[in-house]
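Heads up: the structure comes next, in structure tokens.
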Amino acid sequence: MKRNMLEIYAMIACLMLGLYGLLIVSGIVTDVSFLANPAWEMTSDDDKQYVSNEAYCQQNYNACDDVDNSRTNIECSGKDDCDQKMQQQKAAAEKEHEAKYSPEAITKKRLDAYDFEKNIKHERTVMALVHNIVEILIVSGLFFIHWRIGRKARAASVTGQSNA
Numbered sequence: 009m010k011r012n013m014l015e016i017y018a019m020i021a022c023l024m025l026g027l028y029g030l031l032i033v034s035g036i037v038t039d040v041s042f043l044a045n046p047a048w049e050m051t052s053d054d055d056k057q058y059v060s061n062e063a064y065c066q067q068n069y070n071a072c073d074d075v076d077n078s079r080t081n082i083e084c085s086g087k088d089d090c091d092q093k094m095q096q097q098k099a100a101a102e103k104e105h106e107a108k109y110s111p112e113a114i115t116k117k118r119l120d121a122y123d124f125e126k127n128i129k130h131e132r133t134v135m136a137l138v139h140n141i142v143e144i145l146i147v148s149g150l151f152f153i154h155w156r157i158g159r160k161a162r163a164a165s166v167t168g169q170s171n172a
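Position one of the sequence shown corresponds to residue 9 (my numbering), numbered consecutively onward.
See below:
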């Protein structure tokens, strides 16, 4: 049976659209698995900074800064008064630093940052899933259009051959 060019075109288009559709379906499966367990999407590079406070501090310098001694504008009447005010300011800065950068505070920051990172990954996964669903709908429509073109071309070639 001889095939005409329109039927060959439709078969090739259906083949390519079918393969592309399989790739999209594999992307959808991956996205759904990441939605089921967001930690699967976190790579070891993403995850390693959230394992311990030391690793978190090493990756995020601003989260674990040293004491800020930049506030030195003190008005004082004499040397003893200045020394006393400086010591009070230093003690207040150290107390603030201990409260802000204690191991518990750093752990809380680290866990909050990890949750934030997981939420970002979750949003990106949802966007990718929606994108893949739209793509599969478009590819499915194009596939069925070409399938009908090929079927009509084949029917026309079969009826044209039987009449000859």
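For every residue, glycine included, the Cβ atom is placed at its ideal position computed from N, Cα and C.
Here the structure is a predicted model, which is why all the values come from computation and not from measurement.
Chain-order list of residues whose beta-carbon lies under 6 Å from that of G168 (same chain, five-residue window excluded): Cβ neighbours of G168 within its own chain (closer than 6 Å, five residues either side excluded): none.
Coarse secondary structure for K116, derived from DSSP in three states: Residue state, collapsed to three classes: helix.
Cβ-based burial, G158 [other Cβ within 10 Å; buried from 16]: With 16 or more other Cβ atoms from the protein chains shown falling within 10 Å of its own Cβ, G158 counts as buried.
Test item: CB-CB of L43 and A161 under 9 Å: Not a contact, by the Cβ cut-off of 9 Å.
Same chain only: Cβ atoms within 8 Å of I144, ignoring 5 sequence neighbours per side: The residues are G29, I32, V33, I36.
Rounded Cβ spacing between W155 and C65 (contact assumed at less than 8 Å): The C-beta distance from W155 to C65 rounds to 59 Å, too long to meet the 8 Å contact threshold.
Limits of the unbroken alpha helix (DSSP H) element including A21: In the DSSP assignment, A21 falls within the alpha helix (DSSP H) that extends over 13-44.
Cutoff 6 Å; reference S165; Cβ partners in own chain excluding five residues on either side: Excluding five sequence positions before and after S165, the CB atoms of its chain that fall closer than 6 Å to its own CB belong to N12, given in chain order.
CA-to-CA distance, D123 to D55, given in whole angstroms: Approximately 11 Å between the Cα atoms of the pair.
For M19 and W48, the rounded distance between their alpha carbons: Approximately 38 Å between the Cα atoms of the pair.
Nonlocal neighbours in the same chain, by C-beta distance under 6 Å from P46, ignoring five residues either side: These residues qualify, in order along the chain: K126, K129, H130.
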